[in-house]
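One structure below.
Residue numbers (this note's numbering): 1236 to 1496.
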């Protein structure tokens, strides 16, 4: 159902505009990071274009989108810049805040946000704007905010919920009786742990010491993080720009004795 709604919402958007928008959104996120680490988002994009992933199939004309990139970076800087009179904490306050002051500051930060995500058209940010569900999730999170599954003998209810969630998912995917799992903080951690499991399994069962994983060039960024964290060589495969499908033939050709995923 969700995919059909997305398709209808995007049917009048050209592929080139959609691709450019995706690239620009990634640049926007990089620009936020740049404010902390002192890197140029434009330089990051140039480096990406020169990377091995991009060299294999340059699907974006850098010269064509460069002016738009500069425009969007400026817009991001302007949007994030403090307004005249804004309070900005660049270091710890000289004194601690009381409860009322903290709530006031939290409300001030909350008012900086926008509601543009609520119609459900912001990709990859939040996935539901139902007011009642949000209230329930907030209440549930508050009830278990100070629990830790590392101490199941103390937080038995939290441990029970995790076990039941794992059991539900294993049954959905028809896992064998000796299957196991754990609840993660989100999609990125789930991908990281999945890659680690594949690497550990391949090392133990097949003796692989130089692991490789084959992925489409459009893969989630968490796979790149996992490749760097766990020293797994990333083999990126281009996709057909017309069909949007990855080249299965090239995937087959890339498989070798070190392939773990």
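Glycine included, each C-beta is placed from N, C-alpha and C at the ideal position.
Between residue 1464 and residue 1345, what straight-line distance do the alpha-carbon atoms span, to the nearest angstrom? Rounded to whole angstroms, residue 1464 to residue 1345 spans 34 angstroms at the Cα level.
With a threshold of 16 other CB atoms inside 10 Å of the CB of residue 1424, please say whether the residue is buried or exposed. Here residue 1424 is exposed, its C-beta having fewer than 16 other C-beta atoms within 10 Å.
Whole-number beta carbon distance between residue 1475 and residue 1482, since they are thought to touch under 8 angstroms: Contact holds; Cβ gap of about 7 angstroms.
Proximity winner among 1321, 1472, 1396 and 1354, relative to residue 1485 (alpha-carbon distances): Taking each of 1321, 1472, 1396 and 1354 in turn and checking the Cα distance to residue 1485, the smallest one comes out for 1472.
Measure the alpha-carbon distance for residue 1388 versus residue 1415 and round it to whole angstroms. So the alpha carbons of these two residues sit roughly 19 angstroms apart.
Counted within 10 angstroms of its Cβ, other Cβ atoms place residue 1446 as buried (16 or more) or exposed: Buried: at least 16 other Cβ atoms inside 10 Å.
So the beta strand (DSSP E) residue 1469 belongs to, where does it begin and stop? Looking at the DSSP string, the run of the beta strand (DSSP E) that includes residue 1469 is 1468-1472.
Please report the residue range of the alpha helix (DSSP H) in which residue 1372 lies. It spans 1366-1378 - the alpha helix (DSSP H) in which residue 1372 sits, taken as one unbroken run.
Which of helix, strand or coil does DSSP assign to residue 1485? Looking at residue 1485 - three-state DSSP - the assignment turns out to be helix.
To the nearest angstrom, report how far apart residue 1442 and residue 1435 are at their CA atoms. Looking at the two C-alpha atoms, the distance is approximately 10 angstroms.
Between which two residues does the alpha helix (DSSP H) harbouring residue 1426 extend? Per DSSP, residue 1426 belongs to the alpha helix (DSSP H) from 1422-1441.
Less than 6 angstroms separating the Cβ of residue 1315 from some heavy atom of the ligand NAP? Because no ligand of any kind appears in the structure shown, any question about the ligand NAP cannot be addressed here.
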